[in-house]
Amino acid sequence: MIKLVLVGHTNVGKTSLLRTLTRDVGFGEVSHRPSTTRHVEGARLSVDGDPLLELYDTPGLEDAIALLDYLERLDRPGERLDGPARLERFLAGSEARQRFEQEAKVLRQLLQSDAGLYVIDAREPVLAKYRDELHVLASCGKPLLPVLNFVASANQRESAWREALARLGLHALVKFDSVAPPEDGERRLYENLALLMEDRRPALERLIADQQAQRGVRRQSANRLIAELLIDCAAGRRSVANQASEQAIEALRQAVRRREQKCVDALLRLYAFRSGDAAASDLPLLDGRWGDDLFNPETLKQLGVRVGGGVAAGAAAGAGIDILVGGVTLGAAALLGAIAGGAVQTARNYGGRLMGKLKGQRELSVDDAVLRLLALRQRQLLAALDARGHAALEAIRISAGDEQAWRSGKLPEALRKARAHPQWSRMNPGAKIDQAERQEQIESLAKHLSVAP
Ligand SMILES: Nc1nc2c(ncn2[C@@H]2O[C@H](COP(=O)(O)OP(=O)(O)OP(=O)(O)O)[C@@H](O)[C@H]2O)c(=O)[nH]1
Ligand SMILES: [Mg+2]
């Protein structure tokens, strides 16, 4: 097992980095105030039940200049101690329990570890206190890998830090913003560690491979969750008398809203984020919920979703479809599936006889435009979760991607099929969600979702 310790000045984001590396939003305490972490605390990463890596968070260093002064005066006349020997003397003395108590905790932990990650706030100038800090840490005789945090910030000073670190003999360095981590950030971090600890390379490579695999599995599961949402909504129906009441329309809308929320919650859980983490003001995702209503025509407009399509075509063919405002369609049962799916020809072939039989029995269903909107929103949420570090405290920010295919292109075949299979929707009474054909369509739609348009 590899023991790794996160060290550095106070408030540079050590606890934040640990949260992101362990995907644990609940680890320790993170705050903009200095000296938040007061004790050493660890977390463990395992692969297939084998513990591979232990990560330790430590209190931030505050007074390294005074500590370095003190250490340099520990040598007795005629004596020249090396770094670890001098630290040993320091840790055995009384100052390690008094004035330098916090610093002693950090140094003890580093001495017990295989390597240290020296976390840097890249926005800071390279001050004397940081150089002294590095000097003290380096005297532990353990490999140190500097990690530049806050590199997503506009006023970061990467080159100044690179130069200063090189002068101290530290040439390897990784950039890792723990709030917006780069996609290959963890891989690069562990690869750099493997260069510093050749004998630990196999374990580190296993960790890298496992994290890559997990990322793939997470994306796959996410696409399946979205596919299932879309199938449920495409197949969702509410039977009504010939005239749809406001109440029935609202009931269908509510069912769809609830179904979408279930998908949002499941995605947040899958990515190990809490819905509370998403609390914020002016964002589409409020408190883990979408603020813009799914059935507000303005929402469709904002996302550039085409309204009309299959349903309008059906209506033009005179097949007894009424388009109601706000994303709900009223049509004859059975016909609805075929028409909403765009198969106008099929609808015509039902002929007068069948139409007569269905008289008085009509159903509400959800418009294509709403399906498009659902797909776009969940895909945007997924992209945001994929790029989010577990140290992020701000609300999840959604940015609109291009996604022209979902805005106005042809909808995937699976959704057209689902239109004709009300029993595929969890939102309908008597749903048969275990049907093999439903599963097949969900898989095919998930695959469609996984290839970026
Ligand atoms: N924007 C941004 N903020 C960060 C990043 N890393 C940490 N923060 C913020 O910086 C502040 C300090 O983070 P902590 O993780 O508590 O820092 P620490 O080094 O553990 O601090 P102490 O325990 O007090 O020594 C918090 O407000 C974090 O949200 C980052 O990469 N980007
Ligand atoms: Mg901390």
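Residue numbering for the sequence shown follows my numbering, starting at -5 and increasing by one per position. For every residue, glycine included, the Cβ atom is placed at its ideal position computed from N, Cα and C.
To the nearest angstrom, report how far apart residue i and residue j are at their CA atoms.
i: I225; j: W418; result: 7 Å
i: Q92; j: V141; result: 30 Å
i: G163; j: L39; result: 30 Å
i: L262; j: R268; result: 6 Å
i: S438; j: K404; result: 15 Å
i: G7; j: P28; result: 10 Å
i: L104; j: L81; result: 11 Å
i: L264; j: R212; result: 7 Å
i: E434; j: H33; result: 52 Å
i: L75; j: M(-5); result: 31 Å
i: T4; j: R70; result: 32 Å
i: V1; j: E431; result: 54 Å
i: D223; j: H384; result: Note on identity: in this sequence residue 223 is Leu, with Asp being the wrong assignment. Spanning the two alpha carbons is a distance of roughly 26 Å.
i: A377; j: S25; result: 26 Å
i: A449; j: D259; result: No statement about residue 449 is possible, as the shown extent of the chain runs from -5 to 447 and does not include it.
i: D380; j: G36; result: 25 Å
i: P78; j: L15; result: 29 Å
i: H165; j: L138; result: 10 Å
i: P196; j: Q255; result: 42 Å
i: S10; j: R17; result: 10 Å
i: L49; j: R13; result: 10 Å
i: D362; j: N149; result: 46 Å
i: V360; j: E23; result: 45 Å
i: L101; j: C134; result: 7 Å
i: G72; j: E66; result: 13 Å
i: L201; j: K411; result: 42 Å
i: R253; j: R247; result: 10 Å
i: L111; j: G87; result: 26 Å
i: G43; j: A207; result: 15 Å
i: S239; j: E177; result: 50 Å
i: L68; j: K123; result: 20 Å
i: D428; j: N422; result: 14 Å
i: G179; j: F289; result: 39 Å
i: A90; j: N186; result: 32 Å
i: E192; j: Q214; result: 34 Å
i: E244; j: A386; result: 36 Å
Residue j and residue i - do their beta-carbons sit closer together than 8 Å?
i: E127; j: L55; result: yes
i: V41; j: S107; result: no
i: W155; j: A216; result: no
i: A188; j: R194; result: yes
i: V130; j: A221; result: no
i: L198; j: Y184; result: yes
i: V234; j: V364; result: no
i: P416; j: R231; result: yes
i: E95; j: L61; result: no
i: L370; j: W400; result: yes
i: R125; j: A158; result: yes
Find the nearest neighbour of residue i within the set the options, judged by alpha-carbon distance.
i: A132; options: I427, R209, A109; result: A109
i: A242; options: M(-5), V100, L358, A363; result: L358
i: K99; options: A122, T31, A378; result: T31
i: R218; options: E240, Q206, C257; result: C257
i: A266; options: K426, R420, R382, L138; result: R382
i: K136; options: C227, R182, L190; result: L190
i: A174; options: F144, N149, R161; result: F144
i: L46; options: T14, Q205, K169; result: Q205
i: A408; options: L375, A425, L443, A389; result: L443
i: K169; options: A146, L387, L62; result: A146
i: D171; options: I427, I114, R420, G72; result: I114
i: K441; options: K411, P406, K426, R420; result: P406
i: E388; options: E240, L121, V19; result: V19
i: R161; options: V120, T52, E180, E192; result: V120
i: D63; options: D428, L367, F84; result: F84
i: S402; options: G179, G43, L367, K(-3); result: L367
i: V445; options: P53, E180, G179, R373; result: R373
i: D51; options: K(-3), A90, L68, E89; result: K(-3)
Q: Mind listing, in chain order, the continuous alpha helix (DSSP H) runs of no fewer than 4 residues lying wholly within the stretch 158 to 240?
A: 179 to 190, 195 to 229
Q. Which runs of the beta strand (DSSP E) fall wholly inside the stretch 21 to 83 and span at least 3 residues, in chain order?
A. 35 to 41, 44 to 51
Q. Where in the stretch 97 to 166 do unbroken runs of the beta strand (DSSP E), each at least 3 residues long, occur, reported from the N-terminal end onward?
A. 109 to 115, 138 to 143
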